[in-house]
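Following our numbering, the numbering of the sequence shown begins with 4 at its first residue and continues without gaps.
For each residue, glycine too, the CB sits at the ideal point set by N, CA and C.
On a predicted model such as this, the values are computed, not experimentally measured, just so you know.
A short worksheet on the structure shown next.
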Amino acid sequence: MPLDPTDDPLQTPVQFVRGVGPARAELLAKLNLLTVDDLLLNLPRDVLDLTRVVSVFELKPDELQTVSGIVVDRDAKETAKGMTIVAVLLQSDGGFVRGVWFNQSYMLQWFAVGQRVLFTGKPKFSMRRWEFSKPRVQWLSEDEGDGATGIDILPRYGLTEGLQQYEMRRVMRNVVEDFAPLVPEYLPESFRERARVPAIGPALTQVHLPRTLDEYEAGRHRILFDDLLEFQIGVALRRRVWKQESRATPLPSSAKIDARIRRLFSFRFTAGQDHAVSEIVADLARDQAMHRLLQADVGAGKTAVAVYAMLVAIAAGTQAVLMAPTEILAQQHWQTIDALLSQSRVERRLLTGQLTVAQRRDTLAAIASGEVQLIIGTQAVIQEAVTFHSLGLAIIDEQHKFGVQQRAKFSASDASPHVLVMTATPIPRSLCLTQFGDLDLTLMNELPPGRQRIVTSRIGSRAAARKAWDFVKQGLREGRQAYVVCPRVEEDASLPIGVDAVASAESVYRTLSTGELKE
Numbered sequence: 004m005p006l007d008p009t010d011d012p013l014q015t016p017v018q019f020v021r022g023v024g025p026a027r028a029e030l031l032a033k034l035n036l037l038t039v040d041d042l043l044l045n046l047p048r049d050v051l052d053l054t055r056v057v058s059v060f061e062l063k064p065d066e067l068q069t070v071s072g073i074v075v076d077r078d079a080k081e082t083a084k085g086m087t088i089v090a091v092l093l094q095s096d097g098g099f100v101r102g103v104w105f106n107q108s109y110m111l112q113w114f115a116v117g118q119r120v121l122f123t124g125k126p127k128f129s130m131r132r133w134e135f136s137k138p139r140v141q142w143l144s145e146d147e148g149d150g151a152t153g154i155d156i157l158p159r160y161g162l163t164e165g166l167q168q169y170e171m172r173r174v175m176r177n178v179v180e181d182f183a184p185l186v187p188e189y190l191p192e193s194f195r196e197r198a199r200v201p202a203i204g205p206a207l208t209q210v211h212l213p214r215t216l217d218e219y220e221a222g223r224h225r226i227l228f229d230d231l232l233e234f235q236i237g238v239a240l241r242r243r244v245w246k247q248e249s250r251a252t253p254l255p256s257s258a259k260i261d262a263r264i265r266r267l268f269s270f271r272f273t274a275g276q277d278h279a280v281s282e283i284v285a286d287l288a289r290d291q292a293m294h295r296l297l298q299a300d301v302g303a304g305k306t307a308v309a310v311y312a313m314l315v316a317i318a319a320g321t322q323a324v325l326m327a328p329t330e331i332l333a334q335q336h337w338q339t340i341d342a343l344l345s346q347s348r349v350e351r352r353l354l355t356g357q358l359t360v361a362q363r364r365d366t367l368a369a370i371a372s373g374e375v376q377l378i379i380g381t382q383a384v385i386q387e388a389v390t391f392h393s394l395g396l397a398i399i400d401e402q403h404k405f406g407v408q409q410r411a412k413f414s415a416s417d418a419s420p421h422v423l424v425m426t427a428t429p430i431p432r433s434l435c436l437t438q439f440g441d442l443d444l445t446l447m448n449e450l451p452p453g454r455q456r457i458v459t460s461r462i463g464s465r466a467a468a469r470k471a472w473d474f475v476k477q478g479l480r481e482g483r484q485a486y487v488v489c490p491r492v493e494e495d496a497s498l499p500i501g502v503d504a505v506a507s508a509e510s511v512y513r514t515l516s517t518g519e520l521k522e
């Protein structure tokens, strides 16, 4: 949502917002919140639903619950064995509940008598009192969670040291009350009705000062809608520039060329492959550079389609290149395609970082002279030292592993080749068009005969996870293999609270070797 006129009140520095001032403005600057506009578009990371807070008299043992109360006592004791126990006593609805932390003496400084806080955890009834062990704590302001204000939904924002949630909520309340009505609406009412989104001013109020969860979701939907709309407009403009400026040599095919190419394959193309070929061939015949994404599961036959497209380009008198993200994948493509073209006269070379100096020099010279018609390689094919004689088609495998800049190096070259990018990643159509909106899309859903369909599943519960591991164990007993991909290799104790839930290879290995796969 662009808001940048020079005299726009939304560009007011945050220190002039009611209740902020210079000191708090410095804290907000650490969160990159510098103007009123920044604050208004600073979405909560989530919300706290106080309607789910239970009375101390409604607590049940070993169930995840939240209670609200006032701190009436706090202390820290050291046991005979040197263990420190921090205890905080809350008065809640005429009863009492205690939170305890072991060997976490620093927790004591966070509590003061008279504070209103929330404890979330699985309580136990001990010594005639409910007790939470290491509960999750939410500090509230005096008027939050007391039942008198009617405010039951509390947004929670990203913070920095020295800034509390209730302080951040107070700042957000002030900025919304004073500035949200000044935000100009740029979407016509008819458009908003079709998109089912509220006006921007009310949406900002709903997301930061929600009265219900539905209000919060509606406001959040509008803000995210604006972000996606702005992104899509940018993609559309980039696509239009591409269509207008990216000219390429037409690479027409014919029935004769089609027959010659198909004779090289020992199998008939599936209907999905034929459909993909027809769309690609139509693009290649134009003087406007092709910019197409081919998406299909592993085993659906993308490589065959890619080879067909490269042979069309070669038949038209130009060169074709296939770029893979890794040396291993480039070698696999080379072995497959070299064997497929063993009976053809197509000159082909593999260009990777593993070539000797002499081999690389010879390969580069052959590419520059036009002697080599088909090139397979890694990112080595887009280095400055590589000069194509007449590049007509560039194919990029697993395009999301390269990024836009590397893909654009082909498009920015003097050759202005047609570009086909491929992926086996199962991306929903809507997401695919969002992420790769500057590409025309071809989907191949049909597998060749005898190929096993790839099943992708999301595990959303512990019961489902147990079934998944049972499936893995059964496969291992049958002599098959399984692998687990983790976002991190090692555990990192320096990560913020909450990030520790992101699995590392070390933690998963330890868990599996002592638990699910112990046998």
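Between the beta-carbon of Leu93 and that of Val100 there is about 5 Å, and that keeps the pair under the 8 Å contact cut. Residue pairing by DSSP places Thr38 opposite Pro16 in a beta bridge. In the DSSP annotation of this structure, Glu29 is not part of any beta strand (DSSP E); the continuous alpha helix (DSSP H) holding it starts and ends at Gly24 to Lys33. Looking at the DSSP output, Arg295 bridges to Leu423 and Asp443.
For Ile236, there is no enclosing beta strand (DSSP E); the residue is found in the alpha helix (DSSP H) stretching over Leu216 to Glu248. The Cβ neighbour count for Val458, taken over all protein chains shown within 10 Å, is under 16; the residue is labelled exposed. For Arg513, the three-state secondary structure derived from DSSP is helix. Under DSSP, Gly98 shares a beta bridge with Ser95. In the structure shown, Met86 adopts coil according to DSSP, grouped into three states. The residue among Ser136, Thr381 and Phe182 with its C-alpha nearest the C-alpha of Pro205 is Phe182. Proximity to Ile283 across Gln235, Phe272, Leu296 and Thr273 peaks at Leu296, based on C-alpha coordinates. The distance from the Cβ of Leu396 to that of Leu367 is about 19 Å, inconsistent with a contact at the 8 Å cut-off.
For Ile385, no alpha helix (DSSP H) encloses it, and the DSSP letter there is neither H nor E. If you ignore the 5 residues before and after Gln276, its C-beta comes within less than 7 Å of the C-beta of Gly304, Ala307, Val308 and Met447, all in its own chain and listed in chain order.
Counting C-beta pairs closer than 8 Å gives fewer than three between the segment 101-108 and the segment 34-41, which falls short of the contact rule. By the neighbour-count criterion, in which 16 or more other beta carbons inside 10 Å mark a residue as buried, Tyr311 falls on the buried side. When DSSP states are grouped into helix, strand and coil, Ile462 belongs to the coil group. Listed as beta-bridge partners of Gln141 by DSSP are Leu121. Our two residues, Val389 and Ala371, have alpha carbons roughly 8 Å apart in a direct line. Approximately 14 Å separates the beta-carbon atoms of Arg351 and Asp365; this is outside 8 Å, ruling out the contact. In this structure, the CA atom of Thr123 is about 10 Å from the CA atom of Gly102. Taking every protein chain shown into account, the CB of Pro47 has 16 or more other CB atoms within 10 angstroms, so this residue is buried.
Nearest to Ile399 by alpha-carbon distance, out of Ser464, Leu227, Leu325 and Phe128, is Leu325.
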